[in-house]
Amino acid sequence: MPELFGHTRAHVGPRHALLTPHNHVASSVPGITGATTVILINEAMGAKFAQLLVTLADGGRAGQPAGELQTFGYVMSGGGTLAAGKEKAKVGAGWFFYAPAGQAWSLTGVKPGTQLTLFQKKYVPLPGVAAPRAIIADSDKVKGTPFLGDPAANLQVLLPDEPAFDLAVNIFAYQPGGHLPFVEIHVMEHGLLMLDGQGVYRLEDAWYPVEKGDVIWMGPYCPQWFVAMGKQPARYLYYKDVNRAAF
């Protein structure tokens, strides 16, 4: 019904975008086979990174050889055998990985229906600082902290807060009624996936109802604010560029 007569909640503009699961169109991506892959955000939209959604069938495989791209991946459901650089582990829902530029990664032996969100960008080295290391970990073991002291907004920082990393990926969880304390305006751009719940996102001068499965791109200096609504907590996974004043 929501898509009847060409209606959609989606919006794509010069500094922000909202895409819903109803808008997905699959693409072919080298290194990903036996899967449906949707390129949700990339340079064609105006971003400096890419965000992909991969849904793997029985016998499906995702991976890429060592190259100029660095990759962060988050397993939304299912699982398999994950390798990133020299790291390797059996993973399930909530696990994540980081493969630095110059190191290969792969997800094999997957359960049918496994879903994976990927963030990719070219690495910007920092003179005098060694490149970051590969990581495989379980987000359930990452301790969250109240955001700016607010217990209704819990922030999990998944990657080390170190100068070597030029990207960060976090999980923000809100109790019903929880919200960002002010309208943020900053140089960092975001790629965001709603993991659970629903709410309202302000992007520039527009307010969008959002729910599980929605994806948002926020360009640099896009005014942004969120409030969780409904009776269930809301959670989202989001990317941002960090630790570099220029690219």
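Counted the way the numbering used here counts, the sequence shown spans residues 264 to 510. Note that CB positions come from ideal geometry on N, CA and C, so glycine has one too.
Taking 6 Å as the limit between beta carbons, can you name the residues of its chain near Q366, skipping five residues before and five after?
By one-based count along the sequence shown, residue 366 stands at place 103. Excluding sequence neighbours, Q366 sits near A329, G348, A397.
Cut-off 8 Å between Cβ atoms - residues of its own chain near P486, not counting five sequence neighbours on either side:
As a working note, residue 486 is residue 223 in the sequence shown. Counting only Cβ-Cβ distances below 8 Å, and skipping sequence neighbours, we find V446, E447, I448, R465, L466, E467, D468.
Beta strand (DSSP E) containing S369: first to last residue?
As a position in the sequence shown, residue 369 is number 106, starting the count at 1. First-last of the beta strand (DSSP E) with S369: 368-371.
Whose CA, out of G476, D477, P409, E452, lies closest to the CA of P444?
For the purposes of this step, residue 444 is identified with residue 181 of the sequence shown, where counting begins at 1. The residue with the shortest Cα to Cα distance from P444 is P409.
Considering Cα atoms alone, identify which of L332, A356, L345, N305 is closest to A394.
As a working note, residue 394 is residue 131 in the sequence shown. Taking only the C-alpha atoms, the option nearest A394 is L332.
Around the Cβ of V478, are there at least 16 other Cβ atoms within 10 angstroms (buried) or fewer (exposed)?
Reading the sequence shown from its first residue, position 215 is the one you call residue 478. Burial call: buried.
Which of the three DSSP states, helix, strand or coil, is assigned to M308?
Locating residue 308 in the sequence shown gives position 45, where the first residue counts as 1. Three-state DSSP puts M308 in a helix.
Apart from the five residues on each side of it in sequence, which residues of its chain come closer than 8 Å, Cβ to Cβ, to G341?
What you label residue 341 is simply residue 78 of the sequence shown in a count that begins at 1. So the qualifying residues of the chain are L319, G355, A356, V373, K374, P375, G376, T377, Q378.
Beta-carbon proximity check, I302 vs V317, cutoff 7 Å:
Here residue 302 refers to the residue found at position 39 of the sequence shown. Here residue 317 refers to the residue found at position 54 of the sequence shown. When the beta-carbon positions are compared, I302 and V317 stay at least 7 Å from each other.
Classify K384 as helix, strand or coil using the three-state DSSP reduction.
By 1-based counting over the sequence shown, the position of residue 384 is 121. In the structure shown, K384 falls within a strand segment according to DSSP collapsed to helix, strand and coil.
G269 - DSSP class collapsed to helix/strand/coil:
In the sequence shown, residue 269 corresponds to position 6, counting from 1. DSSP places G269 in helix when its eight states are reduced to three.
Identity of the residue in G276, V450, R278, N305 nearest S290 by Cα
Against the sequence shown, residue 290 aligns to sequence position 27. S290 has its Cα closest to that of N305, out of G276, V450, R278, N305.
Opening and closing residue of the beta strand (DSSP E) in which L466 lies
Position 203 of the sequence shown, counting from 1, holds the residue named residue 466. Element bounds for L466: 461-466.
Going by beta-carbon coordinates alone, are Y501 and H453 separated by less than 7 Å?
Sequence index remark: in the sequence shown, residue 501 carries index 238 (1-based). Sequence index remark: in the sequence shown, residue 453 carries index 190 (1-based). It is a contact, given that the beta carbons lie within the stated cut-off.
The beta strand (DSSP E) spanning P414 covers which residue range?
Along the sequence shown, read from residue 1 onward, the residue named residue 414 stands at position 151. Per DSSP, P414 belongs to the beta strand (DSSP E) from 413-420.
For A400, I'd like the list of residues in its chain whose CB is within less than 8 Å of its CB, leaving aside the five on either flank, ordered along the chain.
Stepping through the sequence shown from its first residue, residue 400 is reached at position 137. Around A400: W358, F359, F360, L421.
Taking all protein chains shown into account, do 16 or more other C-beta atoms lie within 10 angstroms of the C-beta of P363, making it buried, or fewer, making it exposed?
For the purposes of this step, residue 363 is taken as the residue at position 100 of the sequence shown. So P363 counts as buried.
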